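A short worksheet on the structure shown next.
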Amino acid sequence: MKAAVYYGKEGIRVEEKAVPQVGEKDVLVRNLRAGICGTDINIVRGGAGNRGISIGAEFGHEMVGEVVEIGAAVANEVTKGMIVGINPVTAKRAGRRQSLEASGFSEYVLIEDAALNYNLYDMGKDCSLESAVLMEPMSVGRHGAFRANPKPTDKIVVLGAGPIGMSAAASLIAEGFPNVCVVDTNDWRLQKAEHLGASVLNTIKQDLAAGLSAHFGEVNVYGQVVPDVDLFIDAAGAPILFKQVMAIVKPGAKISIIAVYKDEVPVSLAQVMSKEVSIQGASGYTDGDIRKVVDHIINKKTDIATMVTQVFKLDDIEKAFDVAIKGEGTVKVIVDLT
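If you read the sequence shown in my numbering, its first letter stands for residue 3, the second for the next number, and so on.
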């Protein structure tokens with residue numbers, strides 16, 4: 003089989019590898035689509051290795067494929083020909099520490115201790131592969147959105163119209179939350195967020211506070227008028243934007259941070275205390291998040307495939323990463339392994 007292998011500063015090579023041998027508790031999946039994640043981009047761009055992907059390792063962790071071989075001890079609910087999304091955290095016995103090396107960019111992947119709703123998720127016979135490949139990043143976005151226990155009446159702002167921000171917004175909209183606004187500086191991405199059903203705000207064209215006040219109204223806080231926002235979901239990771247949010251957040255509001263911040267960000271604990279603001283992190287996802295996302299995809303609750311902006315063949319994976327790293331005119335770059 004062909005497999006993409008990571009070599010740090012020497013880049014990515016597509017090599018011939020042996021098809022994995024199936025143990026009695028394992029399932030062999032033929033990969034059909036794989037997504038390039040922001041974490042993959044940062045590691046490949048950094049070229050350092052040992053940041054979750056080892057030198058000489060197969061890698062990729064966002065994938066959908068077809069079951070082609072089943073071990074003798076696997077429950078019979080897993081069947082040949084089933085189209086499955088894969089949880090990379092539970093795909094290998096090594097668990098989360100090897101989740102970035104789950105072989106998404108290989109033609110075949112071995113799923114160890116295979117079971118439905120543990121590491122394999124049935125995507126249905128008629129699923130769109132361009133939607134199904136988004137199962138893993140959408141689960142990250144959904145987890146960040148619902149980590150704060152939002153109420154359907156909440157006025158919610160998603161910071162960042164990248165894959166995780168749009169996944170958070172789409173998940174909320176799909177589950178009956180009508181007041182979702184996505185904030186970004188790129189009109190093209192914001193058009194995609196609108197397509198998913200969100201309202202949008204471009205902070206290059208309009209001040210954050212004024213724009214959110216226009217969307218959601220205002221409240222008076224100790225003589226200062228601020229936007230009436232109940233929950234901010236930070237998928238942007240922009241320190242200047244977070245500072246602006248802290249300046250306008252209303253009492254009792256929540257902030258859920260999904261973004262990976264590269265630098266330390268000062269936080270006014272006086273603001274947190276006096277306004278009783280709740281700030282919490284959201285990392286990864288749960289089985290419950292994945293099941294909700296699978297239902298979202300199967301029942302086409304939003305047109306999430308709008309996030310897929312470029313598709314490359316496995317032999318062109320270096321070009322795919324170049325495009326993803328450059329980030330111009332992209333949201334989600336995927337690899338077609340068929």
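Where is the CB? At the ideal position from N, CA and C, for every residue including glycine. Since the model is a prediction, treat every value here as computed from it, not as a measurement.
Query, Result
"Residue 28 classed as buried or exposed, judged by whether at least 16 other C-beta atoms fall within 10 angstroms", "buried"
"Proximity below 8 angstroms, CB of residue 45 to CB of residue 54", "yes"
"Neighbourhood of residue 257 by C-beta distance below 6 angstroms, restricted to the same chain and skipping five residues each side", "234, 281"
"Option in 103, 33, 243 with minimal Cα separation from residue 57", "103"
"Selected residue, minimal CA-CA separation from residue 22, among 327, 112, 35", "112"
"Helix, strand or coil at residue 43 [DSSP, three-state]", "helix"
"Expected contact under 8 angstroms - CB spacing of residue 159 and residue 116 to nearest Å", "Their Cβ separation, rounded to whole angstroms, is 40 angstroms, which puts residue 159 and residue 116 out of contact at 8 angstroms."
"CA-to-CA distance, residue 145 to residue 246, given in whole angstroms", "24 angstroms"
"Counterpart residues of residue 229 in DSSP-defined beta bridges", "220"
"Between the CA atoms of residue 77 and residue 260 - distance to the nearest angstrom", "35 angstroms"
"Contact under 8 angstroms by Cβ, residue 114 with residue 94", "yes"
"Span of the alpha helix (DSSP H) around residue 292", "289–300"
"Selected residue, minimal CA-CA separation from residue 230, among 219, 238, 173", "219"
"CA-to-CA distance, residue 249 to residue 140, given in whole angstroms", "29 angstroms"
"The segment 188–205 contacting the segment 292–299, beta-carbon criterion three pairs below 8 angstroms", "no"
"Proximal residues to residue 184 (C-beta, below 6 angstroms), its chain only, five neighbours per side dropped", "160, 163, 171, 195, 200, 202"
"Contacting residues, own chain, Cβ-Cβ under 6 angstroms from residue 2 (five flanking each side not counted)", "Residue coverage of the chain in this structure runs from 3 to 340, which leaves residue 2 outside it and unanswerable."
"Cβ pair residue 278, residue 239 closer than 8 angstroms", "no"
"Terminal residues of the alpha helix (DSSP H) in which residue 176 lies", "165–176"
"Residue burial classification, residue 82 (beta-carbon count within 10 angstroms, cutoff 16)", "exposed"
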